[in-house]
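Taking it in order: structure first as structure tokens, then the write-up.
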Amino acid sequence: MLNPEGHYDNRFEWDNVYGHAVKLLIRKRAVGHGAEQDGVHLDLGCGYGRIAEQVISNLRMEYVGIDGAPEGVASLKGRGFEAHELLFETYEQTLSRIDEILAGRKIASLSMLDTLEHLTNGDLVLQIIRELIGRDNAPAVLSVPNVAHSDIGFKLASGSWSYTREGLLDHTHVRLFSEASLKRTFEAAGLHVVDQYDVRIAKSDQDFPLTHPALASGTTLNAFLTHLRNGVDDTASINQFVRTVAAGPKVRDRAYLSEEEKGGARPFLSVVTRTQGKRLHCLVEMLTALSAQSDRDFEVVVIGHKVPHDRQLKIERALDDCPEWLRNRIRFIKVDEGNRTRPLNIGFEEARGDYIAILDDDDIPMAHWVSTFRELSVKKPGALLRTIAARQEIETVTVNGSDGIRATGALVPYASEFDLIQHLVANQTPPVALAFPRGVFHDLNMRFDETLTTTEDWDYLLRTALVVGVSWCDQVTSVYHWWKLSEESSRTDHDQAEWNANHQIINRKMDTLPILLPAGSARYLRELRALANSGWHGITDVPSQSAYREEVRKILSSKSWKWSKPLRWPAMIRGRKDTKISDLENMSELQLADLLQRLKRSSSLRKTRFFRRGKSKW
1 MLNPEGHYDN
11 RFEWDNVYGH
21 AVKLLIRKRA
31 VGHGAEQDGV
41 HLDLGCGYGR
51 IAEQVISNLR
61 MEYVGIDGAP
71 EGVASLKGRG
81 FEAHELLFET
91 YEQTLSRIDE
101 ILAGRKIASL
111 SMLDTLEHLT
121 NGDLVLQIIR
131 ELIGRDNAPA
141 VLSVPNVAHS
151 DIGFKLASGS
161 WSYTREGLLD
171 HTHVRLFSEA
181 SLKRTFEAAG
191 LHVVDQYDVR
201 IAKSDQDFPL
211 THPALASGTT
221 LNAFLTHLRN
231 GVDDTASINQ
241 FVRTVAAGPK
251 VRDRAYLSEE
261 EKGGARPFLS
271 VVTRTQGKRL
281 HCLVEMLTAL
291 SAQSDRDFEV
301 VVIGHKVPHD
311 RQLKIERALD
321 DCPEWLRNRI
331 RFIKVDEGNR
341 TRPLNIGFEE
351 ARGDYIAILD
361 DDDIPMAHWV
371 STFRELSVKK
381 PGALLRTIAA
391 RQEIETVTVN
401 GSDGIRATGA
411 LVPYASEFDL
421 IQHLVANQTP
431 PVALAFPRGV
441 FHDLNMRFDE
451 TLTTTEDWDY
461 LLRTALVVGV
471 SWCDQVTSVY
481 HWWKLSEESS
491 RTDHDQAEWN
501 ANHQIINRKM
511 DTLPILLPAG
521 SARYLRELRA
531 LANSGWHGIT
541 DVPSQSAYRE
551 EVRKILSSKS
561 WKWSKPLRWP
571 AMIRGRKDTK
581 ISDLENMSEL
591 QLADLLQRLK
601 RSSSLRKTRF
611 FRRGKSKW
């Protein structure tokens, strides 16, 4: 059946789909078939056949056009080319009729340009193409519009879907393709992409209305969406996919996603562990702690980075010594290239879990490590999960000929509250306290920056948190071991200048990004600005974290604050927590500065100021 409005006569241009298709055919001839061609070029869904002249002049072969609409066929015949009218109906009818048209002639190459999207039986037609080109090992060039162009996606995100007479959303299209869905469609038909020359148009025919906030290049919304979209793949500006395919085996049963592909059963957590096998006793202790998890819904991906064979055998022995249930969930992958960041990208790529955590071989998860992550995932599905790690200084000791570790300092928890603004200044969360949602890596293609030789986890934390937000709690769930400077570690492998350089790279990266801030950030920023303008300290006399803490401690321990507690009872009944002096130790500098300003402006201090007349500040 033909749509009376579905016929177009577009000019041949070297920079449009016709020109790109011919260039692919020329390229294929140059590398595969030599200068002479034995056979014809078959153009299915040829329309007005605007590539015919170029096929004759550049490929030096006979052109045969086939289309269901008489107008295009008549145009070709009028220009002296062979053309036939044929509707693609059943497999047998179509193939038989094409064989009659060929009359024993071989197919040297085939094209079907901007036709597949108009066909209700497109999968059947692709199977016919596979049969035709498979006989003589001929290439086929196929093109379809890209429904995943950023102009379409950005408008759809705001609820707009605009069919037009022609273009990306031509009103006669019955099938829509992204790069991934086109690949699946080809594979289900037994066609395999061997070359490509796509048509890119940054501003497509869907770039309207002029001031749509998601499309206009000067808006913050467009900058944010563009940053995300360009990170996923390189198809955001592709207008038409133009691909050369060859016939081969079918590698899929269907062109659409199966239920398993949509999201089959996954473990809750994938644990990615980097190791070089230099401290096997630490790896054993870490695995022992994992075996004691109250929630066993996890897998372990151990990445051996630049591990010599003798150490590899020892690592594998340690993995084999795990309890059977844990051993069956461990995969060992050897990585011999890249810096310390490469194993993270490999591990995250291999991870199957809904969330992915980094557990290096010298860190210790407590028994509720996995279960706490699960609780946080229920509170805010899809967010970055953050617990508290306690830092502890350690050193290596040898007892009876065996290596072990000894604590040389107390457990010091990191800040209990996740403060995104403070994290933009300096990292407050080691990787062992984090679980990243799978979608960030596997759907947004957000990867660890392998140009960074240190602080790669901080960079990834920030980029993730600024997109998906954070679900955090005040529970300590792990021990982050901090090696003494006399021991080999990342602190000794990289000098301070290198750490500072990486820090500055991350700062510059954050400065170039449009970012999303969590709810409450506006108040936070206002109070930080008020603090900067308050005159409480001079520009060159910025108080230290301990100075802020001491100032807050004086207020909380003052008689004025204690006497005014009844004024705070209504807020406490509604659930607001009254800050205690013991809470101050785990607060960051920015949190302390923010708290100080709130205390100074509180009604509790204002209404008791007459008690302090002529006395000390508090």
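The numbering of the sequence shown is full-length UniProt numbering, which starts it at 1 and goes up by one. Every residue gets a Cβ at the ideal spot worked out from N, C-alpha and C, and that includes glycine.
Counting only runs of 3+ residues, the beta strand (DSSP E) found wholly inside the region 225-294 occupies 238-247, 269-275, in chain order. A Cβ-Cβ contact shorter than 8 angstroms links Val302 with Thr273. In the three-state scheme derived from DSSP, where H, G and I count as helix and E and B as strand, Leu434 is classed as strand. With a threshold of 16 other beta carbon atoms within 10 Å, Gly409 falls short and is exposed. The way I'd put it, the region 227-239 doesn't touch the region 277-294; fewer than three beta-carbon pairs between them come closer than 8 angstroms.
About 5 angstroms separates the beta carbons of Val199 and Val17, which is inside the 8 angstroms limit, making them a contact pair.
By the criterion of at least three beta-carbon pairs nearer than 8 angstroms, the region 42-52 is in contact with the region 65-74.
Secondary-structure assignment with DSSP links Met587 through no beta bridge to anything. At a Cβ-Cβ threshold of 8 angstroms, Asp363 and Met446 do not count as neighbours.
With fewer than 16 other beta carbons inside 10 angstroms of its own, Arg254 counts as exposed. Bridge partners of Glu299 according to DSSP: Ser270.
Within the same chain, no Cβ atom closer than 7 angstroms to the Cβ of Ser181 is found once the five residues on either side in sequence are excluded. Ser75 counts as buried, since at least 16 other C-beta atoms from the protein chains shown sit within 10 angstroms of its C-beta.
Per the Cβ contact rule, the region 463-480 is in contact with the region 362-381 (3 or more Cβ pairs under 8 angstroms). CA-CA distance, Val397 to Asp457, rounds to 29 angstroms. With a beta-carbon spacing of about 11 angstroms, Ile315 and Ile333 fall beyond the 8 angstroms limit used to define contacts. Ranked by how close their Cα comes to the Cα of Arg327, the residues Gly304, Leu225, Arg296, Leu344 have Arg296 in first place. When rounded, the separation of the alpha-carbon atoms in Ser294 and Pro365 is 11 angstroms.
With 16 or more other CB atoms across the displayed protein chains lying within 10 angstroms of its CB, Gln240 is buried.
Spatial neighbours of Ala390 in its own chain (CB-CB distance under 8 angstroms, excluding positions within 5 residues in sequence) are listed in chain order as Leu411, Val412, Pro413, Tyr414, Val476, Ser478, Val479, Tyr480.
Only residues of its own chain outside the window of five on either side were considered, and among them Leu25, His41, Ala138, Pro139 have a CB closer than 6 angstroms to the CB of Ser109, listed in chain order.
Counting along the chain, Ala407 sits inside the beta strand (DSSP E) bounded by residues 402-407. For Met112, the enclosing beta strand (DSSP E) begins and ends at 107-113.
Of the residues Ile388, Trp14, Lys262, the one whose Cα lies closest to the Cα of Tyr197 is Trp14. A distance below 8 angstroms separates the beta carbons of Thr235 and Glu179. CA-to-CA, the gap between Arg50 and Ser158 works out to about 38 angstroms. Residue pairing by DSSP places Phe332 opposite Val302 in a beta bridge.
In this chain, the beta strand (DSSP E) harbouring Arg386 covers 384-399. Per the coordinates, the alpha-carbon of Leu95 lies some 20 angstroms from the alpha-carbon of Asp114.
The residue among Gly122, Gln93, Phe12 with its C-alpha nearest the C-alpha of Glu53 is Phe12. Contact check for Glu117 and Arg175: beta-carbon distance about 5 angstroms, within the 8 angstroms limit, so the pair qualifies. Taking C-beta atoms as the reference points, His423 and Leu461 count as a pair closer than 8 angstroms. Rounded to whole angstroms, the gap between the alpha carbons of Lys306 and Ile128 is 50 angstroms.
Around the Cβ of Asn500, a 10 Å sphere holds fewer than 16 other Cβ atoms; the residue is exposed. For Tyr48, there is no enclosing alpha helix (DSSP H), as DSSP marks it with neither H nor E.
For Lys380, same chain residues with a beta-carbon under 6 angstroms away, outside a window of 5 residues either side, are Ser471 in chain order.
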